[in-house]
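This report refers to the structure that appears directly beneath it.
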Amino acid sequence: MNVAPDRYEMRNLTRIDEVSKILDILLSNILDPTLKRDAFVHLYGAGQVATILYLKRGHTREECEIACIAAMLHDLCKYLCPDSMYDGHAHKCAVYAKEMVLDRIDVLNDEEKTAIFNAIERHDRKFEVDTPLDEVVKDADVFQRFLRRPMDDCFYRKSRVQAIIEELR
Ligand SMILES: [Fe+2]
Numbered sequence: 106m107n108v109a110p111d112r113y114e115m116r117n118l119t120r121i122d123e124v125s126k127i128l129d130i131l132l133s134n135i136l137d138p139t140l141k142r143d144a145f146v147h148l149y150g151a152g153q154v155a156t157i158l159y160l161k162r163g164h165t166r167e168e169c170e171i172a173c174i175a176a177m178l179h180d181l182c183k184y185l186c187p188d189s190m191y192d193g194h195a196h197k198c199a200v201y202a203k204e205m206v207l208d209r210i211d212v213l214n215d216e217e218k219t220a221i222f223n224a225i226e227r228h229d230r231k232f233e234v235d236t237p238l239d240e241v242v243k244d245a246d247v248f249q250r251f252l253r254r255p256m257d258d259c260f261y262r263k264s265r266v267q268a269i270i271e272e273l274r
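For the sequence shown, the residue numbers in the working numbering are 106 to 274.
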């Protein structure tokens with residue numbers, strides 16, 4: 106019997122695969138199916154949005170990978186510890202991402218881990234301008250929500266979403 110080759114047989118594993126290994130295990134523990142779907146869609150979706158925006162802004166593929174990882178982890182705590190939200194949630198998300206993911210992988214150096222931690226910690230400062238990495242994570246957060254429901258005015262009206270739409274035109 107012929108065995109179909111693995112579609113991904115030829116691809117090389119990257120640092121995102123290392124992050125995904127842990128992220129998928131954590132998210133798979135979410136019991137509520139709607140919350141679990143939202144978590145996968147928002148976190149992986151924000152990662153992809155961060156990549157495309159960072160590419161458009163002139164960054165290298167390697168820098169895009171860091172932006173993608175930061176966006177993939179930016180709301181992890183929100184989905185896994187929903188009771189801890191709304192009071193300093195970005196800081197809690199940064200600490201959670203560090204303890205549950207960043208401290209458990211050896212494919213990122215300390216400088217990269219700090220930059221990712223800071224981007225997660227600052228992601229709710231939507232009306233302030235921080236580093237390019239911080240900004241792309243904030244943008245990925247709001248734009249992923251717009252992309253999921255482009256006819257929902259709630260996200261379309263946000264100034265960051267309007268700015269990104271212009272940037273991509
Ligand atoms: Fe988010």
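Heads up, the beta-carbon is just placed ideally off N, CA and C, and yes, glycines get one too.
Over the uninterrupted alpha helix (DSSP H) stretch that includes residue i, give me the two end residues.
i: T219; result: 215-226
i: L83; result: The structure shown does not extend to residue 83, since the chain is modelled only from 106 through 274, so no value can be given for it.
i: L265; result: For clarity, residue 265 is Arg in the given sequence; the question names Leu instead. R265 -> alpha helix (DSSP H) spans 264-273.
i: I171; result: 166-178
i: L160; result: 138-161
i: P237; result: 237-253
What do you reckon, is the C-beta of residue i under 8 angstroms from a heavy atom of ligand 1?
i: H179; result: yes
i: Q153; result: no
i: D246; result: yes
i: H196; result: no
i: R227; result: no
i: A183; result: Looking at the sequence shown, residue 183 is not Ala but Lys. Checking the Cβ of K183 against ligand 1 gives yes.
i: R250; result: yes
i: H147; result: yes
What do you get for residue i, buried or exposed, if any count of 16 or more other CB atoms within 10 angstroms of its CB means buried?
i: A245; result: buried
i: K126; result: exposed
i: V234; result: exposed
i: T275; result: This structure cannot speak to residue 275, because the chain is shown only from 106 to 274.
_I'd like to know if the stretch 216-235 and the stretch 169-179 are in contact, where contact means that at least 3 CB-CB pairs between them fall below 8 angstroms._
yes
*Decide if the stretch 155-169 is in contact with the stretch 195-203; the criterion is three or more beta carbon pairs, one per stretch, under 8 angstroms apart.*
no
*Say whether the stretch 208-220 touches the stretch 150-160, bearing in mind that this needs 3 or more beta-carbon pairs closer than 8 angstroms, one atom from each stretch.*
no
*Should the stretch 144-159 be called in touch with the stretch 243-260, which here means at least 3 C-beta pairs below 8 angstroms?*
yes
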